[in-house]
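Engineer: Structure in structure tokens, see below.
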Amino acid sequence: MTKPRVRRLPVDEAKAAADEAGVPNYMAELAIFQVLLNHPLLARSINDLLASMLWHGCLDSRLRELVIMRIGWLTGADYEWTQHWRVAQGLGVSADDLLGVRDWRAYDGFGPPSRRCSRPPTMSCVTVR
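Just so you know, we're using my numbering here: the sequence shown kicks off at 9 and counts up by one.
This is the structure:
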């Protein structure tokens, strides 16, 4: 394995940096923020962007997480899949529904809104070639 270009802060250092940067303390537990917090202004900016998209948007939180999980599955984004698995479950999305995004056509647990968020053209922007 090659040496990382940017140091990943230990959790205690990341939490201290998060406090100084005005980033919620729990974000310092995420690997991406353990790297971003090397540059507090950048970490704060990314956090504010994520908060706007994830927590202050108009899409229902369950549907939003299903869309994120579908995109993560289609693009093979292991990090996104594992991080948002926890987020989605914390919001009450069942494991069956999360696994259902892998093959939404075959999964019978989705109602019309969930199916609309899982099928093309919604997902056409992330077609893997």
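C-beta atoms are modelled at their ideal positions from N, C-alpha and C, and glycine is treated no differently.
1. Can you name the start and end residues of the alpha helix (DSSP H) that L62 belongs to?
2. Return the first residue and the last residue of the alpha helix (DSSP H) that Y87 is part of.
3. Along the chain, where does the alpha helix (DSSP H) that runs through D20 open and close?
4. With DSSP as the reference, label M131 as helix, strand or coil.
5. Reducing DSSP to helix, strand and coil, say where L38 ends up.
6. Report yes if the C-beta distance between R52 and L62 is below 8 Å; otherwise report no.
7. Of the residues S122, L38, R13, which one's Cα is nearest the Cα of D68?
8. Let's test the definition: count the other Cβ atoms within 10 Å of the Cβ of N55 and tell me whether it reaches 16, buried, or not, exposed.
9. Whose C-beta lies closer than 7 Å to the C-beta of P48 among residues of the same chain, with five residues either side of it excluded?
Structural biologist: Here's the rundown:
1. Position 54 of the sequence shown, counted from the start, is the residue given in the question as residue 62. First-last of the alpha helix (DSSP H) with L62: 48–63.
2. Sequence index remark: in the sequence shown, residue 87 carries index 79 (1-based). Counting along the chain, the alpha helix (DSSP H) containing Y87 begins and ends at 86–98.
3. If you number the sequence shown from 1, residue 20 lands on position 12. First-last of the alpha helix (DSSP H) with D20: 19–29.
4. To locate residue 131, count along the sequence shown from 1; it is residue 123. Confidence is the limiting factor: at M131 the pLDDT is only 49, short of 50, which leaves the residue's position unreliable and the question unanswerable from this model.
5. Here the question's residue 38 lines up with position 30 in the sequence shown. Three-state result, L38: coil.
6. In the sequence shown, counting from the first residue as 1, residue 52 sits at position 44. In the sequence shown, counting from the first residue as 1, residue 62 sits at position 54. No; because the gap between Cβ atoms is not below 8 Å, this pair is not in contact.
7. In the sequence shown, counting from the first residue as 1, residue 68 sits at position 60. The shortest C-alpha separation from D68 is found at S122.
8. Mapped onto the sequence shown, residue 55 falls at position 47. N55 should be labelled buried.
9. On the sequence shown, position 40 is the one that residue 48 refers to. Hits under 7 Å: A25, E28, A29.
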